[in-house]
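Chains as they are written, first to last, in the UniProt record's numbering: chain P, 1 to 204; chain W, 1 to 218.
See below:
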């Protein structure tokens, strides 16, 4: 039987690492973008995450499932300490290809006129969470890890993941309710757009 | 965490679409990362070999530069092939423009190899270029313990190391090098074919530039 991807990467097989990059580049970029809210920072996080993963490959257990939690955990750490990670690889970052125009994320999400406003509102609500709550939310909700995987990614207990997620939910629900009240009775309860719409109206 | 729970949480912060990195950008960043991790194996020297750096190795008798035919304008060889004491060869490429002189040099040294340079955004067609490549397992762990492509190179010397002893009579080695915009080599894919190898026609691609697609030998 072929050695697992895990074992091959741990043993320094660059070809296997390339396969990991192919699999994980998209989820890592999305995760990084959501944590940083910045396209160019997310590209830095993407590159640094894989440079870190290669450096830390000796820590991989040969046995185990997908490397997704491990890689997303590294990405979370890199995004949290971007400057520190960038210092470690300052030589490499100087060689990183740049100069492409940065795509406008608002154009990408949808053709709707209020896309940028909506994004800003989401980021504002997300920004009201503590960093640890943001990380758990991004890993579990947006990147689809389960509690145990998120715990593994962050190096914390499963119970910690649950309680951070629960705090995040309470805050976001409270925020949604407050904004709903502030924006008057037109809001339909449970409308997913409520947070967004009410923030926009508040800003008028 | 179940689906309903995830969906109800997602509804609190409704990102309507995934922020997507365009393919071309992802490919560039992948090439960058792959070059860097290969470079990290070459420390402490990080640059491709220059004649001044090669000189001490020559003096120590560690390696003998054999094929240095094509010179760049400034007298720097476009590539060099050095013979190591253990019979392996180290290939260094300073300017990856035309793969055929390197291929000819290798053939002149008795190495039956096909060499191609793959620029960004391209790949060889067809892939796989042979129906009788060694599987990755066979290529990495041959019976005599001497794989063709030696990785990591276990030497301070930059460049790619191959072992001609791995090529048995009738076999052909295939070397594909990915090339960055400044004509430096980024990565290598190497394998040995028991049978004929198709010529490489470069075609546009946003897949991985080197070798057959993932899963080809599963």
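Where is the CB? At the ideal position from N, CA and C, for every residue including glycine.
Exposed unless 16 or more other CB atoms sit within 10 angstroms - verdict on residue i
i, result
"residue 5 of chain W", "exposed"
"residue 43 of chain P", "buried"
"residue 131 of chain W", "exposed"
"residue 46 of chain W", "Because the pLDDT of residue 46 of chain W is 39, which lies under 50, any placement of that residue in the model is unreliable, and the question is left without a value."
"residue 172 of chain P", "buried"
"residue 111 of chain P", "Here residue 111 of chain P scores only 49 on pLDDT, less than 50, and its place in the model should not be relied on; the value that follows carries that caveat. Label assigned to residue 111 of chain P: exposed."
"residue 69 of chain P", "buried"
"residue 191 of chain W", "buried"
"residue 163 of chain W", "buried"
"residue 223 of chain W", "A query on residue 223 of chain W cannot be resolved here, the shown segment of chain W reaching from 1 to 218 and no further."
"residue 8 of chain P", "buried"
"residue 203 of chain W", "exposed"
"residue 149 of chain W", "buried"
"residue 204 of chain P", "Confidence at residue 204 of chain P is low in this model, with a pLDDT of 39, below 50, so its placement is unreliable and no value can be given for it."
"residue 39 of chain P", "buried"
"residue 57 of chain W", "Because residue 57 of chain W sits at a pLDDT of 43, beneath the cut-off of 50, its placement in the model cannot be relied upon, and the following sentence gives the value as read from the coordinates. Residue 57 of chain W comes out buried."
"residue 216 of chain W", "exposed"
"residue 169 of chain W", "exposed"
"residue 58 of chain P", "exposed"
"residue 3 of chain W", "exposed"
"residue 7 of chain W", "exposed"
"residue 161 of chain W", "buried"
"residue 59 of chain W", "Because residue 59 of chain W carries a pLDDT of 41, less than 50, the predicted location of this residue cannot be relied on, and no value is offered for it."
Short Cβ contact (7 Å threshold) for residue i with residue j
i, j, result
"residue 78 of chain P", "residue 49 of chain P", "yes"
"residue 47 of chain P", "residue 102 of chain W", "no"
"residue 128 of chain W", "residue 196 of chain W", "no"
"residue 71 of chain P", "residue 53 of chain P", "yes"
"residue 165 of chain W", "residue 87 of chain W", "yes"
"residue 161 of chain P", "residue 150 of chain P", "yes"
"residue 158 of chain P", "residue 147 of chain P", "yes"
"residue 89 of chain P", "residue 51 of chain P", "yes"
"residue 153 of chain P", "residue 73 of chain P", "yes"
"residue 34 of chain P", "residue 138 of chain P", "yes"
"residue 25 of chain P", "residue 25 of chain W", "no"
"residue 179 of chain P", "residue 133 of chain P", "no"
"residue 209 of chain W", "residue 123 of chain W", "yes"
"residue 45 of chain P", "residue 92 of chain P", "no"
"residue 6 of chain P", "residue 85 of chain P", "no"
"residue 90 of chain W", "residue 159 of chain W", "yes"
"residue 12 of chain P", "residue 123 of chain P", "no"
"residue 97 of chain P", "residue 15 of chain W", "no"
"residue 10 of chain P", "residue 60 of chain P", "yes"
"residue 187 of chain W", "residue 34 of chain W", "yes"
"residue 126 of chain W", "residue 198 of chain W", "yes"
"residue 143 of chain P", "residue 31 of chain P", "yes"
"residue 112 of chain W", "residue 37 of chain W", "no"
"residue 172 of chain W", "residue 205 of chain W", "no"
"residue 92 of chain W", "residue 80 of chain W", "yes"
Listed by chain order, chain A residues near residue i by CB distance under 9 Å
i, result
"residue 173 of chain P", "Absent here is chain A; the protein component of the structure consists of chains P and W."
Span of the beta strand (DSSP E) around residue i
i, result
"residue 173 of chain W", "172–179"
"residue 203 of chain W", "201–204"
"residue 161 of chain W", "160–162"
"residue 37 of chain W", "Note, residue 37 of chain W: premise wrong, no beta strand (DSSP E); alpha helix (DSSP H) at 23–40."
"residue 113 of chain W", "113–119"
"residue 205 of chain P", "No statement about residue 205 of chain P is possible, as the shown extent of chain P runs from 1 to 204 and does not include it."
"residue 122 of chain W", "122–125"
Terminal residues of the alpha helix (DSSP H) in which residue i lies
i, result
"residue 80 of chain W", "That residue, residue 80 of chain W, is in no alpha helix (DSSP H); its beta strand (DSSP E) goes 79–84."
"residue 160 of chain P", "158–182"
"residue 89 of chain W", "Unbroken run through residue 89 of chain W is the beta strand (DSSP E), 89–93; no alpha helix (DSSP H)."
"residue 98 of chain W", "Looking at the DSSP string, residue 98 of chain W is not in any alpha helix (DSSP H), and its letter there is neither H nor E."
"residue 137 of chain P", "131–137"
"residue 139 of chain W", "136–140"
"residue 3 of chain W", "3–10"
"residue 9 of chain P", "5–10"
"residue 93 of chain P", "90–95"
(message) Which complete alpha helix (DSSP H) runs does the UniProt domain "RNA polymerase sigma-70 region 2" (20–88) of chain P hold, if anything under 4 residues is left out?
(response) 39–55, 68–80, 82–88
(request) Taking 8 Å as the threshold, find out whether the stretch 112–121 of chain W comes into contact with the stretch 130–139 of chain W through three or more Cβ pairs. (result) no
(request) Please confirm if the stretch 176–184 of chain W is in contact with the stretch 87–97 of chain W, defined as three or more CB-CB distances below 8 Å between the two stretches. (result) yes
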